[in-house]
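Q: The structure under discussion is supplied below as structure tokens; questions concerning it will follow.
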Amino acid sequence: MLYQLLPLFIIGPLTGFILSLFIPSEREKVISGITFLTSGLHFASSLIFICWWLYSGANSFNIKEFVIYANSGYEFYIDLYFDEVGATFLMVGSFLTFLVTIYSRVYLHRDKGYKRFFNTILFFFTGYNIIVISGNLETMFIGWEILGLSSFLLIAFYRDRYLPVKNALKVFSVYRIGDVGIVLAMWASHLLWHENIPFILLQQNELVHHHLESQSAIGLFISIMFLLAAAAKSAQLPFSSWLPRAMEGPTPSSAIFYGSLSVHLGVFLLLRTFPFWEHQILIRILIALCGVFTAVICTLIARVQASVKSQIAYSSAAQIGIMFIEISLGFEYLALFHFAGNAFLRTYQLLVSPSVVSYLIKEQFYNFSPRKDTFEDSWPKRVEYALFLLSMKEFMLDKVMDILVWQPLKNIGKKLDFLSVNVVISIFIPLYLGGLYIWYFGIQSQLAHAYLPGICAFIGLLMVFKSFSERKSPLLSWVLIIMQYLWTTLAVAFNGTFSFKESIIYVSGAVFAGILGYIILNLLKNKEGKIDLNGFYGHIHEYPGKALLFLLACLGLMGFPITPTFIGVDLVFSHIQYQQLFLAICVTLSFVVTGISLVRLYARIFLGPHIKTYHETSLRSS
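Residue numbers for the sequence shown follow the working numbering, so the first one is 1399 and each next one is one higher.
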């Protein structure tokens, strides 16, 4: 009977979040009281539930909640799963959120973003709970997306300052790279299992072995995608540099989310999918190597950091690297114990860091004695000095990501400068209408059927690349994103199995969101005279209503879980075949880069220091 209470761990924080939205900003006690009550009840109920579960034998169980969409060959449903991994993450997350809520009630007293902070905490906590008790990849991805958005909002909490907004955008971009892994893993899983496989079935070794034996290449691909998603989410090399950047948010959010909860979700993903890849020796070696390199390099970087938060961040990434090694060796329970210990330690360190810094400053002032400069010209010392300099430069991790990922995207975008509104209207819209004509009347040859899906998806990808690199016209960037959705729909439609109903589900959310966003951008242009994407302009100060509507429009185009586009994305991938890897990569990259481009649009237009300097700026240090 108590098994049926598992959904309450999601419903509780979600209810608290919705209630907190309607409380006036000046009612601090009520706002914090709702968060305190929600997190407190969640912690108490988690403790009771887990104790009862242990008393009953600690058996894993699965609950298929409800089906969102289904047809003859596809089913999208919410599935919940509970075992020792979920119990550990649920208990630790619930307890730490409760403690940090108590801390934050006083820490953020009279801060103008008080309500917004507690709103976002509850939203984040909802996403976290969805992840830890999810029963399949689709359900997990819902929480994964909520976590990404709420993380962006928390890091950019001091939204009238440049650095928090810039770092929030950087962290969100890395999160979207991790989404590549999750999305492609879901696609390949559809091909392998021919269904949305629940995690509980992965415990059946014979079933997993049977599928992997006949399709080992797909199994290897899925496992590599899991590793990519886990490495990006848990700040493992080469993605480690996002974690100290996330510390720009308030200290409580740094403590609870990036220090202890969010950063460990890569560990959770590996633990949850362990039965799938445990017999793939290559994957275990790759996970171990990822952990070893991260542990060594992040430890070196942590030892030379001048900022306490940065030191803690890199130390946490190093410890997670050790967890990766433990999981690769099969020490699952050791990794769980390690996670709990590291989460509590980092939360404590970050919460006391302001006091520690104050003490050290006073201690240095009264007891300062300069160290004697020495230099030894020997090979061991040369290596030591080189490592010191590399550590000071954080092993150029930001530069590496810039060279490998962001610069190529920007360069591609620059090559597409010919894409203007006039070009889109005069060339690409007629091409699209021609494609619709071919599809509707079925005048396709076998050759066209083989190549048209990839061509259409590639055109959509080029448009979103241009949208990402656009610096002048927000309207052009927005129109290109909408066109990307239309071209992707046409690409999958040429497969012959994508029904008109499914096309409507996928496109409907994008069309309505696209129209709303276009209207907001036009209104803003008419009021301000000119808007571009060369900086952060902070228009949220004067247009908070428009900022909220534009954010909702961005979520609609992004494929956020509350929108029909989210279901549509999963439907699209269910119609992409195994031999259409190019099509799958194009659609995945379009989905990921679209999200980055949309958040970039929102951040540059509405966040950051306002161009009209008479607006108040937050003075609180992050």
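Every residue gets a Cβ at the ideal spot worked out from N, C-alpha and C, and that includes glycine.
Under 6 angstroms Cβ to Cβ from Gly-1438, same chain only, skipping five residues before and after it: list those, please.
A: Excluding sequence neighbours, Gly-1438 sits near Phe-1496.
Q: Roughly how many angstroms separate the alpha carbons of Glu-1646 and Asn-1594, rounded to a whole number?
A: Roughly 38 angstroms between the two C-alpha positions.
Q: How many angstroms separate the CA atom of Phe-1655 from the CA atom of Pro-1648?
A: The straight-line gap from Cα to Cα measures roughly 11 angstroms.
Q: Based on the DSSP secondary-structure assignment, which residues constitute the bridge partners of Leu-1478?
A: Answer is Ile-1461, Ser-1532.
Q: Nearest to Phe-1597 by alpha carbon, out of Arg-1670, Ile-1622, Gln-1613, Val-1578?
A: Closest option to Phe-1597, Cα to Cα, is Arg-1670.
Q: Can you tell me whether Pro-2023 is helix, strand or coil according to DSSP?
A: The shown model of the chain, from 1399 to 2020, leaves out residue 2023, and the question about it has no answer.
Q: Hey, could you find the ends of the alpha helix (DSSP H) Pro-1872 is sitting in?
A: Pro-1872 -> alpha helix (DSSP H) spans 1872 to 1891.
Q: What are the start and end residues of the alpha helix (DSSP H) that includes Thr-1433?
A: Note, Thr-1433: alpha helix (DSSP H), 1426 to 1453.
Q: List the DSSP bridge partners of Pro-1596.
A: For Pro-1596, which the question treats as bridged, DSSP gives the partners Asn-1534.
Q: Can you give me the start and stop residues for the alpha helix (DSSP H) that Ala-1644 sits inside?
A: Where Ala-1644 is concerned, there is no enclosing alpha helix (DSSP H), given that its DSSP letter is neither H nor E.
Q: With distances taken from CA atoms, which of Leu-1561, Ile-1983, Arg-1701, Pro-2007 is nearest Asp-1577?
A: Looking at the Cα atoms, Ile-1983 is the closest of the given residues.
Q: Could you give the DSSP three-state label for Arg-1503: helix, strand or coil?
A: Helix.
Q: Applying the 10 Å Cβ sphere with the 16-neighbour rule, what's the burial state of Trp-1450?
A: Its Cβ having fewer than 16 others within 10 Å, Trp-1450 is exposed.
Q: Helix, strand or coil for Ser-2019, going by three-state DSSP, please let me know.
A: At Ser-2019, the pLDDT of 48 sits below 50, so the modelled position is not reliable; the number obtained from the coordinates is stated separately. It is coil, neither helix nor strand.
Q: In three-state terms, what does DSSP make of Gln-1678?
A: The answer is coil: DSSP assigns Gln-1678 none of H, G, I, E or B.
Q: Using a 10 Å radius around the Cβ and a threshold of 16 neighbouring Cβ atoms, would you call His-1937 buried or exposed?
A: His-1937 is buried by the Cβ-count criterion.
Q: Touch check for the segment 1693 to 1702 and the segment 1731 to 1739: three-plus C-beta pairs under 8 angstroms?
A: These segments do not touch.
Q: Could you work out which residue in Leu-1494, Phe-1637, Thr-1486, Ser-1548 is closest to Met-1799 when comparing CA atoms only?
A: It is Phe-1637 whose Cα lies nearest to the Cα of Met-1799.
Q: Would Glu-1611 be called buried (16 or more neighbouring beta carbons within 10 Å of its own) or exposed?
A: Answer is exposed; the Cβ neighbour count stays below 16.
Q: Whole angstroms is fine: what's the gap from Leu-1850's alpha carbon to Gln-1977's?
A: For Leu-1850 and Gln-1977, the distance between alpha carbons rounds to 14 angstroms.
Q: Would Val-1465 pass as a contact of Tyr-1479 if the rule is Cβ separation under 8 angstroms?
A: Cβ distance not < 8 angstroms, so Val-1465 and Tyr-1479 don't count as in contact.
Q: First and last residue of the alpha helix (DSSP H) that includes Lys-1942?
A: A quick correction: the sequence has Pro, not Lys, at residue 1942. Taken as a continuous stretch (DSSP letters only), the alpha helix (DSSP H) holding Pro-1942 covers 1942 to 1956.
Q: Under a three-way DSSP split, which group does Pro-1422 fall into?
A: Three-state result, Pro-1422: coil.
Q: Compare the beta carbon distance of Val-1985 and Ile-1994 with 8 angstroms and say whether it is the shorter of the two.
A: Going by C-beta atoms, Val-1985 is not nearer than 8 angstroms to Ile-1994.
Q: Quick one: what does DSSP say Ala-1627 is sitting in, helix, strand or coil?
A: Ala-1627 falls in the helix class under three-state DSSP.
Q: Helix, strand or coil for Lys-1858? Go by DSSP, reduced to three states.
A: Position check: residue 1858 holds Gly in this sequence, whereas Lys was assumed. Helix, per DSSP.
Q: Using CA coordinates, which residue listed in Gly-1664, Phe-1434, Glu-1782, Gly-1912 is at the minimum distance from Tyr-1501?
A: Ranking Gly-1664, Phe-1434, Glu-1782, Gly-1912 by Cα distance to Tyr-1501 puts Phe-1434 first.
Q: Using a Cβ-Cβ cutoff of less than 6 angstroms, which residues in the same chain neighbour Phe-2004 once the five nearest sequence positions on both sides are dropped?
A: Correct list, in chain order: His-1937, Ile-1938, Ala-1945.
Q: Using CA atoms only, rank isn't needed, just tell me which of Phe-1892, Ile-1903, Gly-1546, Lys-1870 is closest to Lys-1923.
A: Closest option to Lys-1923, Cα to Cα, is Lys-1870.
Q: Would the beta-carbon of Ile-1544 fall within 8 angstroms of that of Phe-1521?
A: Yes, the Cβ-Cβ distance between Ile-1544 and Phe-1521 is below 8 angstroms.
Q: Going by other Cβ atoms of all chains shown within 10 Å of its Cβ, with 16 needed for buried, is Ser-2019 buried or exposed?
A: Model confidence at Ser-2019 stands at a pLDDT of 48, short of 50, so the residue's coordinates are unreliable; what they give is reported in the following sentence. Result: exposed.
Q: Ile-1416 by DSSP, collapsed to three states: which one?
A: Helix, per DSSP.
Q: Under DSSP, the alpha helix (DSSP H) around Met-1794 begins and ends at which residues?
A: From DSSP, Met-1794 is part of no alpha helix (DSSP H); its letter is neither H nor E.
Q: Tell me the rounded alpha-carbon separation between Asp-1509 and Ser-1972.
A: Using only the alpha carbons, I get a separation of about 47 angstroms.
Q: Can the beta-carbon of Gly-1484 be found less than 8 angstroms from the beta-carbon of Ile-1531?
A: Result yes, Cβ atoms of Gly-1484 and Ile-1531 sit closer than 8 angstroms.
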